[in-house]
């Protein structure tokens, strides 16, 4: 496979050029105009941020990408899937409210917002995984699969499980429905915290496989009958139903790469990564710690593996921020350095597996040429 091209620019601008115009120029250089978008639905996959988090990408960046799509005759919409954990994006209504509170709406972004897996996170499509080793099929938000073209707009940052979050995580994990996220995160079925259950029976009525019954006045999920659809998690108003995130991080990353391959397979794709406000953990947190690295720049590519590899490599060249989780760890006398900024931030993570497995299954290549745009 020949080298993939990754286009890069920093955040420096002149007095008469905005960052948004610079981003548009970068995307044009990377070939976004070569994609036939006329009259086609274009999904701009991104994370709207959890309530209380301030590290997520500003809506203006989404608008810039949407305008590029519209200039090429496409019909853009911003999209994400509901979360598996109990937060403010676990069903579509709270998800839309959170997006709006964080500044994402039709006025600020110039396009519609669609929660891809529907009201309860169960509106999904089963998609075959090409060359899958861990997953034969993926459970993907229906609206994401209904789109003709996929554009990933992601905030490149650290992550407490996957090491870093880039294009692969944004599409693979972010594009999974609730069942898809369960499939990636855990080898277990959901269970009920008896101390939180109020015996309201809402989960019983929502279960699609008759796996839930009331025992001793509390809900019980029969793991032998449960299909892992996740409907019960969205139905419970008391956060009593959970799934343990017990998947080994390396396997999690491989599954994430396979989900990405399933989602982009046989469709035009384009990827944009902004390495700024590089927080140590995911934008799904209701808070964000100080950045671990200085702002790096903006990346654009047709290849999700190459853009992640390039952004990762550029981050490794940066000097850690002293007053940060990374900086604090490196100051510890007994700290065993990993020579990897993301592993030195969250030492249990695996930063290699998603990239290596993505290349192995044909999602993209780690061999890239970085083209710098001033």
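Numbering (my numbering), first residue to last: 467 to 840.
A virtual CB, placed ideally from N, CA and C, is assigned to each residue, including glycine.
Boundaries of the beta strand (DSSP E) in which residue i is found, first to last residue
| i | result |
| --- | --- |
| residue 507 | 507-511 |
| residue 679 | 678-681 |
| residue 836 | 834-838 |
| residue 471 | 470-475 |
| residue 593 | 590-594 |
| residue 583 | Premise fails: residue 583 is in no beta strand (DSSP E) and is neither H nor E. |
| residue 619 | 615-621 |
| residue 737 | 735-741 |
| residue 541 | 541-546 |
Beta-carbon proximity check, residue i vs residue j, cutoff 8 Å
| i | j | result |
| --- | --- | --- |
| residue 702 | residue 668 | yes |
| residue 527 | residue 642 | no |
| residue 707 | residue 550 | no |
| residue 717 | residue 624 | no |
| residue 511 | residue 615 | no |
| residue 764 | residue 523 | no |
| residue 543 | residue 612 | no |
| residue 756 | residue 787 | yes |
| residue 513 | residue 749 | yes |
| residue 696 | residue 653 | no |
| residue 555 | residue 564 | yes |
| residue 634 | residue 820 | yes |
| residue 796 | residue 746 | no |
Residue i - DSSP class collapsed to helix/strand/coil
| i | result |
| --- | --- |
| residue 771 | helix |
| residue 600 | coil |
| residue 821 | helix |
| residue 690 | coil |
| residue 657 | strand |
| residue 573 | helix |
| residue 499 | helix |
| residue 551 | coil |
| residue 777 | helix |
Continuous alpha helix (DSSP H) stretch holding residue i: start and end
| i | result |
| --- | --- |
| residue 495 | 485-495 |
| residue 647 | 644-651 |
| residue 525 | 525-537 |
| residue 723 | 715-730 |
| residue 807 | 807-811 |
| residue 791 | 791-797 |
| residue 699 | 697-701 |
| residue 561 | 558-567 |
| residue 670 | 668-672 |
| residue 762 | Careful: residue 762 lies outside any alpha helix (DSSP H) and carries neither H nor E. |
| residue 638 | 633-638 |
| residue 609 | 608-612 |
From the options, residue whose alpha carbon lies closest to that of residue i
| i | options | result |
| --- | --- | --- |
| residue 710 | 831, 795 and 658 | 658 |
| residue 589 | 598, 607 and 574 | 607 |
| residue 806 | 600, 827, 794 and 778 | 778 |
| residue 672 | 586, 714 and 600 | 586 |
| residue 601 | 506, 728, 613 and 631 | 728 |
| residue 579 | 538, 603 and 525 | 525 |
| residue 768 | 595, 499, 480 and 571 | 499 |
| residue 743 | 737, 732, 734 and 761 | 761 |
| residue 834 | 811, 789, 796 and 772 | 772 |
Residue(s) in a DSSP beta bridge with residue i
| i | result |
| --- | --- |
| residue 625 | 629 |
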